[in-house]
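The listed protein sequences derive, respectively, from chains A and B. Residues in the first sequence are numbered consecutively from 1, following our numbering. Residues in the second sequence are numbered consecutively from 288, following our numbering. Read the structure below first, then the notes.
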Amino acid sequence: MSTLTHERAERRKAWGFVLPALLWTFAFFVVPFIYMAAVSLWTRQGRETIHSWTLDNYLNFFGKPHLLQALFNSLEVTVIVTVISVILAYPLAWIIAERVPRRFQRLALVLSILPFWTSYVIRSYSWLLVLSDSGPVNQALVWTGVIDTPLALSATRTATVIGFVHFFVMLLTLTIYANLVQLSPNYRRAAADLGAGGLQTFWHIILPLTLPGIMVGAFLTFVLCIGDYITPQILGGNNELLLPQVIMLQLGRTANFPMAAALSLVLMAVVTIAYLLCARWLKIERA
Amino acid sequence: MISRSLGTSLRRLLLSTAFATWAFSPSPVLAAEELNALVWCDHTDAALIEPFEKANNVKVNLKEYEGTGAGLSIIEQSQPGDWDVLVVDGVDVKRVADMGILGELPADIVPTSDIFPEVVMAENNSKDGKIYAVTEKFGYNTISYNKDKVDPADMEDLSIFWSDKYKGRIALYDYYIPMIGLTGLALDKKTADLTEDDLPAIKEKLFEMKAVARQVSDVVASQTALVGGEVDIILGGGEWVTASLAKERPEFDWTVPKQGAVRWTQSIGVFADSEKKDLAQKFVQYILSPEGQARLATSSCYWGMPANSKAGEHLDEQQKAALRWDEQPEYLKNTQLYPVVDAKMDAAMQDVWTEMLQH
């Protein structure tokens, strides 16, 4: 009898801990999500919202090539940014974890994430100046004789990618570093005992063991990058539209909330697919 | 006992801090009233707003927007009474008044006789004999350029924008209504006569223009690109891009090509739901006064011709020259107002513009 009472009390206590989180998620995710899904089935005619349910917004999106292209552009840019960020962040994280003396590692990490301390918008505008025709990149290339006339770097997809990569390399460095410092040196010693060279040890031991850190960072990069509006808007020069820019056009110019909601749900579906792919690859369910 | 005395001390500290904050706050915090204005960026210049704030002991809260669509979106997301003053495209006043957004303005606060007759636009600013807004500033969406980098003779013909001669050196102004109007002019279509049937041909030309443009950008980004040398020409630009830079960068110029250009006008009115109509009307009167008009004409965001002809008395010769004060009759003759569009045409035009951006 007393065991039963104790179990009940424990269960109540457990619910007491979980309930606030559940209520929070319900109030600030489930309810808005359901509302947004419902709004996405309404339509906008002129400046009036028609409250009858239809799939018109989704059909419009998939039927108009210039809108669908925004999704493909977003996916392309996001994949490019994620791959480049991983390639740059891994060696940086490895150098900090393996080559920088332990007492300076914290300082090195702080220095590597220093750009995080400035506003995201200011950082994007700064890149606009850096990449401009009269900016330091072009000036240096002209001065060294690599090129005769400045390259058109600003207002391009390249500029957008550079702006993103600068931001996400810092994020990935943190997640990969956190993974690298947890690795026991015994793995490397064992590999060396068995005759493996440095490259073989990295390829067969270190890389697979740091894959969770890479994938967590890559997934975060994917999610933040594909939903970002500011960087492509400032650095892309409107030479192509990414999906968040198209969503903003719906909200900003026509107050077309139903279409914006439909596009946002498409974006959420893409992020969910990316999560499922990452989750399966990382075998998170076994953890 | 200890906690009670701590509580008393904290309370005293909070009270004294609150008193100090109140006593030594700068005057805007002490302003008796606040006025909320939904405006274009030229109204956000402190040199324009502060004299009104000081004279009336009021704080003017300003929110800027670009394009009537964006303005209407903000209004739709607001509560009645949130806004007091609206600055809107002259050609859209009727549409906005029809939606019940603007309230009637008393005729005696409008200096109609001082306003340049060509921009009074009674058919746009009034409805059923009632005045809903007043033109406050105007200018042209045409061609701005760096005369040191391009041949000025080339700028006299819009067809240069679908040739390769200045490929990669052109910025297109990111506002679909004047740009579609301007493209229509290049195709010999009057802005007032544009219909959905004209859009396919215009779209084709927009695609060609996009192919030779470096970027499609808003006011600030276009100006920055011209100043930074990324582009040498802004299609859709005009005196609003170059006049404020006339002193520092005399190489920047603008022209109206032989096909003509689009004339922008901005009107000011009071929201029908405003709970501070008297104060809002006082603000409108200030903006339309010769002093207010001179400040608005030379506002830091962009310059433009004041609607009130008496503003000239408060502008120096250099400012008048930058605004091309004496050449206005010729420009007014060779330019057309923005296309007036209904919601359906507006949506179709936005679709074409989005398609061009993605092209």
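Don't be surprised by glycine CBs; every beta carbon is placed ideally from N, CA and C.
**OP:** Please decide whether residue 359 of chain B counts as near chain A, where near means a Cβ-Cβ distance under 8 Å.
**Re:** Your numbering for residue 359 of chain B matches position 72 in the second sequence. Residue 359 of chain B counts as touching chain A.
Original post:
Could you give the distance in angstroms between the alpha-carbon of residue 399 of chain B and the alpha-carbon of residue 324 of chain B?
Top reply: By one-based count along the second sequence, residue 399 of chain B stands at place 112. By one-based count along the second sequence, residue 324 of chain B stands at place 37. Residue 324 of chain B has its alpha-carbon roughly 23 Å from the corresponding atom of residue 399 of chain B.
Original post:
Just to confirm, are residue 254 of chain A and residue 12 of chain A a CB contact at a threshold of 8 Å?
Top reply: Residue numbering aside, residue 254 of chain A sits at position 254 when the first sequence is read from its first letter. Residue numbering aside, residue 12 of chain A sits at position 12 when the first sequence is read from its first letter. Residue 12 of chain A is positioned such that its CB atom lies no closer than 8 Å to that of residue 254 of chain A.
Original post:
Residues of chain B with a CB under 8 Å from the CB of residue 47 of chain A: which are they?
Top reply: Locating residue 47 of chain A in the first sequence gives position 47, where the first residue counts as 1. Those within 8 Å of residue 47 of chain A in chain B are 359, 363, 386, 630.
**OP:** State the DSSP-derived secondary structure class of residue 316 of chain B, mapped to helix, strand or coil.
**Re:** Indexing the second sequence from 1 puts residue 316 of chain B at position 29. No answer about residue 316 of chain B holds up, because its pLDDT of 47 lies below 50 and its placement is not dependable.
Original post:
So residue 105 of chain A and residue 96 of chain A are in contact, right, with Cβ under 8 Å, and what is the actual spacing, rounded?
Top reply: Here residue 105 of chain A is taken as the residue at index 105 of the first sequence, counted from 1. Here residue 96 of chain A is taken as the residue at index 96 of the first sequence, counted from 1. Rounded, the Cβ-Cβ distance is 6 Å, consistent with contact.
**OP:** Find the residues of chain B that neighbour residue 249 of chain A, judging by a C-beta separation of less than 8 Å, and give them in chain order.
**Re:** Taking the first residue of the first sequence as position 1, residue 249 of chain A is located at position 249. Ordered by position in chain B, the residues that pass the 8 Å Cβ test against residue 249 of chain A are 637, 641.
Original post:
Is any beta-carbon of chain A found at less than 8 Å from that of residue 517 of chain B?
Top reply: Taking the first residue of the second sequence as 1, we reach residue 517 of chain B at position 230. Closer than 8 Å: yes.
Original post:
Per DSSP, residue 548 of chain B is paired with what?
Top reply: Along the second sequence, one-based indexing puts residue 548 of chain B at 261. Residue pairing for residue 548 of chain B: DSSP places it in a beta bridge opposite B/622.
Original post:
Residues in its own chain within less than 8 Å of residue 468 of chain B by CB, not counting five upstream and five downstream?
Top reply: Residue 468 of chain B sits at position 181 when you count from the first residue of the second sequence. Excluding residues within five positions, the ones whose Cβ falls inside 8 Å are 428, 478, 481, 549, 623, 625, 626.
Original post:
Name the residues in the segment 250-276 of chain A whose C-beta lies less than 8 Å from a C-beta of chain B; which are they?
Top reply: Within the segment 250-276 of chain A, the residues whose Cβ lies closer than 8 Å to some Cβ of chain B are 251, 252, 253, 254, 255, listed in chain order.
Subject >> Among A/38, A/89, A/16, nearest to residue 176 of chain A - alpha-carbon criterion >> reply: Here residue 176 of chain A refers to the residue found at position 176 of the first sequence. Checking every option, the nearest Cα to that of residue 176 of chain A belongs to A/89.
Subject >> Coil, strand or helix - residue 456 of chain B by DSSP >> reply: Locating residue 456 of chain B in the second sequence gives position 169, counting from the first residue. Note: residue 456 of chain B maps to coil in three-state DSSP.
**OP:** Using beta-carbon positions only, say whether residue 421 of chain B and residue 459 of chain B come within less than 8 Å of one another.
**Re:** Locating residue 421 of chain B in the second sequence gives position 134, where the first residue counts as 1. Locating residue 459 of chain B in the second sequence gives position 172, where the first residue counts as 1. The answer is no: Cβ separation not under 8 Å.
**OP:** Whole angstroms is fine: what's the gap from residue 591 of chain B's alpha carbon to residue 614 of chain B's?
**Re:** Counting from one through the second sequence, the residue named residue 591 of chain B turns up at place 304. Counting from one through the second sequence, the residue named residue 614 of chain B turns up at place 327. Approximately 13 Å, taken between the alpha carbons.
Original post:
What separation, rounded to the nearest whole angstrom, lies between the Cα atoms of residue 617 of chain B and residue 473 of chain B?
Top reply: Walking along the second sequence from the start, residue 617 of chain B turns up at place 330. Walking along the second sequence from the start, residue 473 of chain B turns up at place 186. Answer to the nearest angstrom: the Cα atoms are 19 Å apart.
Original post:
Excluding five sequence neighbours on each side, which residues of the same chain lie with their C-beta closer than 7 Å to the C-beta of residue 533 of chain B?
Top reply: Working through the second sequence from its first residue, we reach residue 533 of chain B at position 246. Taken in chain order, the residues that qualify are 609.
**OP:** For residue 579 of chain B, collect the residues of the same chain with a Cβ closer than 6 Å to its Cβ; drop the 5 residues on either side in sequence, then sort them by chain order.
**Re:** Within the second sequence, numbered from 1, the residue matching residue 579 of chain B stands at position 292. Around residue 579 of chain B: 573.
Original post:
Which residues, taken in chain order from the segment 218-241 of chain A, show a beta carbon closer than 9 Å to some beta carbon of chain B?
Top reply: Of all residues in the segment 218-241 of chain A, only 234, 236, 237, 238, 239, 240, 241 place a beta-carbon less than 9 Å from a beta-carbon of chain B.
Original post:
Using the rule of at least 16 other Cβ atoms within 10 Å of the residue's Cβ for burial, across every protein chain shown, is residue 245 of chain A buried or exposed?
Top reply: Looking up residue 245 of chain A in the first sequence gives position 245. The residue is buried, with at least 16 neighbouring Cβ atoms inside 10 Å.
Original post:
Does DSSP classify residue 502 of chain B as helix, strand or coil?
Top reply: Counting from 1 along the second sequence, the entry for residue 502 of chain B is found at position 215. Three-state result, residue 502 of chain B: strand.
Original post:
Once you ignore the five residues that flank residue 309 of chain B on each side, which residues in its own chain have a CB closer than 6 Å to its CB?
Top reply: Numbered from 1 along the second sequence, position 22 holds the residue referred to as residue 309 of chain B. Here the model assigns residue 309 of chain B a pLDDT of 43, short of 50, so the residue's position is not dependable, and the following value carries that caveat. Excluding positions up to five away in sequence, the list is empty.
Subject >> CB contact check: residue 587 of chain B to chain A, cutoff 8 Å >> reply: Position 300 of the second sequence, counted from the start, is the residue given in the question as residue 587 of chain B. It does not; no Cβ of chain A falls within 8 Å.
**OP:** Report all residues from its chain with a CB closer than 7 Å to the CB of residue 275 of chain A; omit the five preceding and five following residues, and keep chain order.
**Re:** Against the first sequence, residue 275 of chain A aligns to sequence position 275. 219, listed in sequence order.
**OP:** Give, in chain order, every residue of the segment 118-141 of chain A whose Cβ lies closer than 7 Å to some Cβ of chain B.
**Re:** Cβ contacts with chain B: 132, 133, 134.
Subject >> Inter-residue spacing [alpha-carbon to alpha-carbon] between residue 522 of chain B and residue 513 of chain B >> reply: Looking up residue 522 of chain B in the second sequence gives position 235. Looking up residue 513 of chain B in the second sequence gives position 226. One C-alpha to the other measures close to 11 Å.
Original post:
From residue 7 of chain A to residue 14 of chain A, what distance separates their C-alpha atoms?
Top reply: On the first sequence, position 7 is the one that residue 7 of chain A refers to. On the first sequence, position 14 is the one that residue 14 of chain A refers to. Roughly 10 Å between the two C-alpha positions.
Subject >> For residue 419 of chain B and residue 61 of chain A, the rounded distance between their alpha carbons >> reply: Walking along the first sequence from the start, residue 61 of chain A turns up at place 61. Walking along the second sequence from the start, residue 419 of chain B turns up at place 132. Roughly 38 Å between the two C-alpha positions.
Original post:
What are the residues of the segment 491-522 of chain B that lie near chain A, defined by any Cβ-Cβ distance shorter than 7 Å?
Top reply: Within the segment 491-522 of chain B, the qualifying residues are 501, 502, 503, 504, 515, 516, 517.
Original post:
How would you write the range of the alpha helix (DSSP H) that residue 104 of chain A sits in, first residue to last?
Top reply: As a working note, residue 104 of chain A is residue 104 in the first sequence. Counting along the chain, the alpha helix (DSSP H) containing residue 104 of chain A begins and ends at 102-112.
Original post:
Using the C-alpha atoms, what's the distance from residue 471 of chain B back to residue 489 of chain B?
Top reply: Along the second sequence, read from residue 1 onward, the residue named residue 489 of chain B stands at position 202. Along the second sequence, read from residue 1 onward, the residue named residue 471 of chain B stands at position 184. Taking the straight line joining both Cα atoms gives about 6 Å.
**OP:** Could you tell me which residues DSSP puts in a beta bridge with residue 324 of chain B?
**Re:** As a first step, residue 324 of chain B is located in the second sequence; it is residue number 37 there, counting from the start. B/349, B/372.
**OP:** If I'm right that residue 235 of chain A touches residue 59 of chain A with Cβ under 8 Å, what's the distance once you round it to whole angstroms?
**Re:** One-based indexing of the first sequence puts residue 235 of chain A at position 235. One-based indexing of the first sequence puts residue 59 of chain A at position 59. With a Cβ gap of about 32 Å, residue 235 of chain A and residue 59 of chain A do not count as contacting.
Original post:
Is residue 312 of chain B buried or exposed, if buried means 16 or more other CB atoms sit within 10 Å of its CB?
Top reply: Position 25 of the second sequence, counting from 1, holds the residue named residue 312 of chain B. Low local confidence applies: a pLDDT of 44 at residue 312 of chain B is under 50, so the model's placement there is unreliable, with the coordinate-based value given in what follows. Here residue 312 of chain B is exposed. Its C-beta has fewer than 16 other C-beta atoms within 10 Å.
Original post:
Apart from the five residues just before and just after residue 448 of chain B, which ones in its own chain have a Cβ nearer than 6 Å to its Cβ?
Top reply: Against the second sequence, residue 448 of chain B aligns to sequence position 161. Excluding five sequence positions before and after residue 448 of chain B, the CB atoms of its chain that fall closer than 6 Å to its own CB belong to 496, 522, given in chain order.
Original post:
Nearest chain B C-beta to residue 200 of chain A closer than 8 Å, yes or no?
Top reply: Within the first sequence, the letter at position 200 stands for residue 200 of chain A. It does not; no Cβ of chain B falls within 8 Å.
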